[in-house]
Amino acid sequence: MKVLVIPDVHLKPQMFRQAADLMDTGKADRAVCLMDILDDWDREYDIALYEETYDEAIRFALEFLDTAWCYGNHDLSYFWHCLESGYSSMASATVQRKLLELRRTVPEDHPIQFVQKIDNVLFSHGGVLNYFVEEYVPKSKYHDVDAVVEEINKLGRIEMWNDMSPIWLRPQRPGIRLYKPRKLLQVVGHTPMNEITREKNLISTDVFSTYRDGRPIGTQEFLLLDTVTWEYVGVK
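What follows is the structure in structure tokens.
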């Protein structure tokens, strides 16, 4: 299956319009969004931009109903009332309302999750750490990938709001062992990159983030991935 990955959005509504145009070309069978839809440098008071970005996300969800959505730490910080960098108290009510609207928009059989699995590829905002699986998934289910994903998606704030979880992990750091690295490819956002990068069984896609002055950090490309062969390209 060909999948178009929308990495961290951070108040860039045009990303959803660009992704929709790419989907309309037929290059991808479905999309995956790694979310962090909100928060960006010095935008705490731009409530209209928060609204616009969520409206574009909802419009995309309505047009491409089988899109897989993965919660990011910024999305959940408002839902769980967990303060972090970039959090806007002014936009809090708007975010909670629009996130609930997005959750109601996606089909019941494609809910927003921490981790999504397509073929032998795991998609999440930060990555699925082997230690995290060992800590929170029963040992009897460790080798059943579908069961592991199901168990992780049942967890809540207490388990997820830490640096090892799939919404916070920085798997690019040395010494990180991901879950089943010989069997599974993992696709993540969360950590700004200069370009889409594959390191062993990890593809990092956050190439739309910017410096505080607005300069782009990365190439501003979307990952187009074959989930069977694991071949990929960046597309604009």
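1 is the number of the first residue of the sequence shown in the UniProt record's numbering; add one for each residue after it.
From the three backbone atoms N, C-alpha and C, an ideal C-beta is built for every residue, glycine too.
This one's a predicted model, so the numbers in the text were calculated from it and none came from an experiment.
With contacts defined as CB atoms closer than 8 Å, A61 and T25 fail to qualify as a contacting pair. With respect to the 8 Å criterion, L100 and T205 are not classified as neighbours on the basis of their beta carbons. Pairing W41 with Y71, the inter-Cα distance amounts to about 20 Å. Each residue's CA atom was taken as its position, placing D8 and K139 some 32 Å apart. Excluding five sequence positions before and after V115, the CB atoms of its chain that fall closer than 8 Å to its own CB belong to C70, L122, F123, S124, V128, V149, I152, N153, P166, given in chain order. Fully enclosed beta strand (DSSP E) runs of no fewer than 3 residues occupy 115 to 118 of the stretch 91 to 121, in order along the chain. In the structure shown, I6 adopts extended strand secondary structure according to DSSP, grouped into three states. Rounded to whole angstroms, V188 and V32 show a C-alpha spacing of 11 Å. Going by DSSP, L223 is part of the beta strand (DSSP E) stretching over 222 to 226. For Q14, the uninterrupted alpha helix (DSSP H) run begins and ends at 14 to 24, by DSSP.
Within the same chain, P7, D8, K12, M15, G218, Q220 come within 7 Å of F208 by CB-CB distance, once the 5 residues on both sides are set aside. In this structure R30 is in contact with V3, their Cβ atoms being roughly 6 Å apart against a cut-off of 8 Å. The beta carbon of L225 lies closer than 6 Å to those of V3, Y232 in the same chain, with the five residues before and after it left out. Inter-residue distance for D75 and E134 is about 26 Å (C-alpha atoms, whole angstroms). In its chain, beyond the 5 residues on either side, D29, R30, I118, D119, D226, T227, V228 have a beta carbon closer than 8 Å to the beta carbon of M1.
W161 is a Cβ neighbour of C82, given a cutoff of 8 Å. Inclusion of L178 and N130 in the CB contact set at 8 Å is warranted, their separation being smaller than that value.
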